[in-house]
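Asks: Can you keep this structure in mind? I'll have questions shortly.
Residue numbers (our numbering): 274 to 568.
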């Protein structure tokens, strides 16, 4: 129950962050929104990460952190641009394609074995992406490709995080991500810099705080519960941002976005379920082997 509540809190935080990004991009460029999201996020994290008794600074993987942060920043810029220019429901729906690309990246970079059922789910998920993007039709926009690009880059980040956490703690990964993100995101922001005024500061602060809160709650939820049970809860972000888009920005959702999102979410739910089943089988087999008396 606690894991479910944490995941629900994370989902709401990320959904509200999307709304804050939309408002923030009305005042300052996307690059600047990304910088302030990272700067405020780092300030919010430092008291927690630097508590006595912790040593998150110790690492021998600085080059990897730089690469992870650079790719992560590119993904963030694409995602923020999509949230600022596409209907919120469409931008968030396409972001759910990240697990599909993670499956492919895990095979290519980690050498993971993916069975036929999971590949079938990935193919179905990509059909959902095509339904939303609709290339070659009047409904196609280049902005949707930016959202898909964000998902591709995010999948590469997920693989890198998996590699980094084999050696370093989660706190170290989070700390160095933000330490690199702040200066890296400042560089493109300087070329389009506009000093925030008035309400802009509120939305920029909300972007950083809500993003950091969502990340922390998400991490703790996954520590306490199973991915297969928690993944469907994260899908509630879509109706949340759809409602916000309708109430705050007078946005409507077309049937193609609804259909495509349903296909993508269904594929993701099945992938999470299969991963949980296979993990339980592997754990059971390992336990049986350990309990077997030596001959």
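Where a beta carbon is used, it is the ideal one built from N, C-alpha and C, also for glycine.
I think residue 429 touches residue 378, with their Cβ atoms under 8 angstroms apart; what is that distance to the nearest whole Å?
Replies: 6 angstroms
Asks: Is the stretch 527-543 close to the stretch 385-403, with three or more CB pairs under 8 angstroms?
Replies: Contact holds between the stretch 527-543 and the stretch 385-403, because three or more Cβ pairs, one in each stretch, are under 8 angstroms apart.
Asks: Do three or more CB pairs link the stretch 478-488 to the stretch 337-347 at distances below 8 angstroms?
Replies: no
Asks: Would the C-beta of residue 387 count as close to the ligand GTP, meaning under 8 angstroms from any of its heavy atoms?
Replies: Ligands displayed in this structure: none; no statement on the ligand GTP is therefore possible.
Asks: Between which residues of its own chain and residue 486 is the CB-CB distance below 7 angstroms, once the five residues before and five after are set aside?
Replies: 286
Asks: In this structure, how does DSSP classify residue 537 when only helix, strand and coil are distinguished?
Replies: Here residue 537 carries a helix assignment [DSSP, helix/strand/coil].
Asks: Report the residue ranges of all alpha helix (DSSP H) runs contained in full by the stretch 323-403; include only those spanning at least 4 residues, in chain order.
Replies: 335-358, 361-368 and 371-378
Asks: With C-beta atoms as the reference, is residue 332 less than 9 angstroms away from residue 449?
Replies: At the C-beta level, residue 332 and residue 449 come within 9 angstroms of one another.
Asks: Do residue 510 and residue 365 count as a contact pair if the criterion is CB distance below 9 angstroms?
Replies: yes
Asks: Would you decide whether residue 462 is buried or exposed? Buried here means 16 or more other CB atoms lie within 10 Å of its CB.
Replies: Within 10 angstroms of the beta-carbon of residue 462 lie 16 or more other beta-carbons, which makes it buried.
Asks: Going by beta-carbon coordinates alone, are residue 376 and residue 506 separated by less than 9 angstroms?
Replies: no
Asks: Between the C-alpha atoms of residue 455 and residue 312, what's the straight-line distance to the nearest angstrom?
Replies: Computed Cα separation, rounded: 6 angstroms.
Asks: Using only alpha-carbon positions, find the residue among 445, 548, 551 and 554 that is nearest to residue 318.
Replies: 445
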